[in-house]
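Reading the sequence shown from the start, the letters are residues 20 to 553 in this note's numbering.
Taking it in order: structure first as structure tokens, then the write-up.
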Amino acid sequence: MAVNASFVSPTADAKVAQVMTSFNANGLVSQVLSDMTWWKLTLTILMLAVAYDQFKYIWNKGSIKGPAFKLPFMGPFLESVNPSFTKYHEKWTSGPLSCVSVFHKFVVIASTRDMARKVFNSPTFVKPCVVDAAYKLLRPQNWVFLDGKAHVDYRKGLNGLFTRSALNQYLPIQEEIYNEYFKQFVHTSQVENKGEPIPFMPAFRELQCALSCRTFCGHYMTEEAIKKICDDYYLITEALELVNFPIILPFTKSWYGKKSADMVLEEFSKCAAKSKVRMAAGGKADCILDFWVQNIQASTKYRARIAAGENVSDDEKPSMLLREFTDFEISMTLFTFLFASQDATSSACTWLFQIMADRPEILEKVREENIAIRNGDIHAPVDLDQIETMQWTRAVVKETLRYRPPVIMVPYVAKKDFPITDTYTAPKGSMVIPTTYLALHDSEAYPEPDSFIPERWISGDADKQTKNWLVFGTGPHYCLGQTYAQANLMLMIGKASMMLDWKHKVTDLSEEIKVFATIFPMDDCLLTFSERQA
Ligand code: HEM
């Protein structure tokens, strides 16, 4: 059989051998390199990186909605520095799943009720991710970043702080704060601003921050410390915007946020230390911290008795056996409560005051039932059961939370490839963000969803739409403070209705939505308060 020898070994082929001898590999490389100036090399690497970034985006995007191309590397970063509600809304309505890529982060947005629920209820695939800066501010070892069983167990230990009987005990301290701040609102309006309306959103943020500090730490925290936390908290909110610069550089938002977070953690730690001493001495518990410390100390005592071989009856066993917590661990947890409540509650508070001022006939119903439940004495304290039986007060709070849901998006991260639908899998490491807004503005569940109709909670079937009620999330991370938050808002608007009159200066921006972690009226809610004459 004829064999083509040159085919067997190219170097054995005379012609090839000729070419090969004239080929000097080292020479070629050095020639290319000598032609390749530094800037050309840099440009080539850059173009390869741009191509890779683009390819990866398109690959990750797959079949879901999203821009056809990504602005190299940063994507719509500049847009997300000043997030616009309209832009978010466009995104949600673009498809049940849509995406965007900012810097290295690929983000999948789950907009419809069912997609959002799927994400909330898929703990095997996702865990809350908050934003990158949150790990640095709240500290990576914070319980909110725990996952699976560790998270469930830690959370169980906190449930006792939010039971109905515990919530009842916090009411007196909350009444105190409202009395104090309502007086201050009148003074600000009548004395400092001579009856002229001013934006009240910052004052509402301060009110809610002070209320949280007192509910969490009682009187362990000084007035000055509360004032400082209230003043600086917005730096923390700014540092936790959905998209922020990935590393903490001096004098950036994240840097100021971290400094404020450190200050808050230190204050909470000091309070924890004081509470431990006071509770050990048999003091009366009146704030979240005291209840927690009391439970810890009761657990420690119980364990010591068992260890000493004592025969302790079952009724003496604490309902939840807790381990010891350091002051700093307690502080980190209280910080998560503040972090979780501050922006959301301030948002709800601002909308409530605005919406009630614009609807005096509904405010009057709230007022009447609040006076009635207190038997005509507007200063009489109320308990949780009484608060919850007031149907109009409850309805306006529920409807405000539905109509203007404070938390419009809850960022999660995919722990592994997450098949959200049969045709789309969110890649491991991507941010997956369920939105609450569309579910709460779904016309099937809530007819005329863009109108404020509290009656739907009294004579309608809004309470039955549990699948759409995503204000507080759902699944293993649903809001720990949801009963507390709603009772607090009912207490607030009920007391305000009896003690205050307030007028809203309506502007073209009053119904426009500004996104600052949560949502606020674009004009920051221009109000004037005066004392209500009975
Ligand atoms: C109107 C006020 C509030 C709203 C709208 C709100 C909403 C939410 C939402 C949407 C989540 C995420 C749920 C999920 O991922 O499924 C959440 C989580 C959480 N909220 Fe709230 N919240 C409010 C007030 C509060 C308050 C007052 C507290 C505590 C005092 C609180 C404590 C928490 C905590 C600790 C979590 C994380 C739970 C976990 O990861 O297990 N929230 N909240």
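Think of the CB as a built atom: it goes at the ideal place given N, C-alpha and C, for glycine as much as any other residue.
Since we're looking at a predicted model, the values are computed, not measured.
Residue from the options with nearest C-alpha to residue i
i: G85; options: A129, L97, M66; result: A129
i: P337; options: K293, S462, V312, F354; result: V312
i: D441; options: P91, L499, M134, V69; result: M134
i: Y456; options: N198, V415, E329, W488; result: W488
i: K124; options: E286, F92, P191; result: F92
i: S184; options: T502, V415, K434; result: T502
i: C75; options: S366, I267, K514, S449; result: Reading off the sequence, residue 75 comes out as Lys, not Cys. Closest option to K75, Cα to Cα, is S449.
i: K524; options: G395, Q373, L510, E335; result: Q373
i: K80; options: T61, R224, V126, L97; result: V126
i: S231; options: Y189, E260, K483; result: Y189
i: E286; options: R233, E329, N330; result: R233
i: P221; options: E550, C544, I349, L519; result: C544
i: A445; options: V69, I83, T61, A68; result: I83
i: M298; options: C236, V283, C249, K278; result: C236
i: W411; options: Y253, A536, S516, F201; result: S516
i: E194; options: P540, D402, F471; result: D402
i: M541; options: Y431, L508, P102, A258; result: P102
i: D334; options: A317, I349, T61; result: A317
i: F144; options: P466, Y431, Q484, C498; result: Y431
i: D151; options: W58, F204, I267, W57; result: I267
i: D251; options: I477, G276, A504; result: G276
i: W521; options: Q361, A376, A504; result: A376
i: L2; options: K247, P495, I192, G114; result: For residue 2 there is no data in the structure shown, the boundaries of the chain being 20 and 553.
i: M282; options: I255, S294, A304; result: I255
heavy atom of the ligand HEM below 6 Å from residue i C-beta
i: P159; result: no
i: P446; result: no
i: P430; result: no
i: S113; result: no
i: C544; result: no
i: A458; result: no
i: V592; result: Residue numbering for the chain in the displayed model covers 20 to 553; residue 592 lies beyond these limits and cannot be assessed.
i: T502; result: no
i: S184; result: no
i: A304; result: no
i: R224; result: no
i: V490; result: yes
i: F372; result: no
i: A364; result: A small correction: the amino acid at residue 364 is Thr; Ala does not occupy that position in the sequence shown. T364 Cβ: within cutoff of the ligand HEM.
i: F88; result: no
i: S350; result: no
i: S574; result: Because the chain in this structure spans residues 20 to 553, residue 574 falls outside the shown range and cannot be described.
i: P142; result: no
i: R174; result: yes
i: T440; result: no
i: G179; result: no
i: A8; result: The requested residue 8 is not part of the displayed model; the chain covers only 20 to 553.
i: T355; result: yes
i: A391; result: no
i: C498; result: yes
i: G494; result: yes
i: V127; result: no
Contacts around residue i, its chain only, beta-carbon distance under 7 Å, and the 5 residues preceding and following it disregarded
i: K110; result: S117, I128
i: T493; result: R136, F139, N140
i: A458; result: R132, A135, N487, L489
i: K89; result: D72, Q73, Y76, S120
i: C249; result: E225, C228, A229
i: I325; result: V331
i: E343; result: I315, T319
i: Y497; result: F491
Cβ shell of residue i (< 6 Å), same chain only, five flanking positions each side left out
i: A428; result: One detail in the question is off: residue 428 reads as Met in this sequence, not Ala. Excluding residues within five positions, the ones whose Cβ falls inside 6 Å are I452, T454.
i: R421; result: L459
i: K447; result: A433, K435, D436
i: M518; result: F201, R551
i: D3; result: This structure gives no information on residue 3, because the portion of the chain shown stretches from 20 to 553.
Close beta carbons around residue i, own chain, < 8 Å, minus the five adjacent residues each side
i: L157; result: V149, V163, F164, A280, M351, F354, T355, F358
i: T408; result: I392
i: A553; result: I397
i: G395; result: none
i: S41; result: The predicted position of S41 is uncertain, since its pLDDT is 47 and thus under 50; no value can be drawn from it.
Whether or not the stretch 239 to 251 and the stretch 135 to 155 are in contact is what I'm after, with contact meaning three or more pairs of Cβ atoms, one per stretch, closer than 8 Å; do they touch? no
When you compare the stretch 523 to 539 with the stretch 378 to 391, are there three or more beta-carbon pairs, one atom per stretch, that lie closer than 8 Å? no
Across the stretch 264 to 279 and the stretch 306 to 321, are there enough close Cβ pairs to call them in contact, namely three or more that are closer than 8 Å? Pairwise C-beta distances place the stretch 264 to 279 out of contact with the stretch 306 to 321, as fewer than three of them are shorter than 8 Å.
Would you check if the stretch 97 to 107 and the stretch 397 to 411 touch, i.e. whether three or more CB-CB distances between them fall below 8 Å? no
Within the chosen definition, does the stretch 284 to 294 reach the stretch 215 to 228 through at least 3 CB pairs nearer than 8 Å? no
Below 8 Å, can you find three or more Cβ-Cβ pairs linking the stretch 360 to 372 to the stretch 410 to 424? yes
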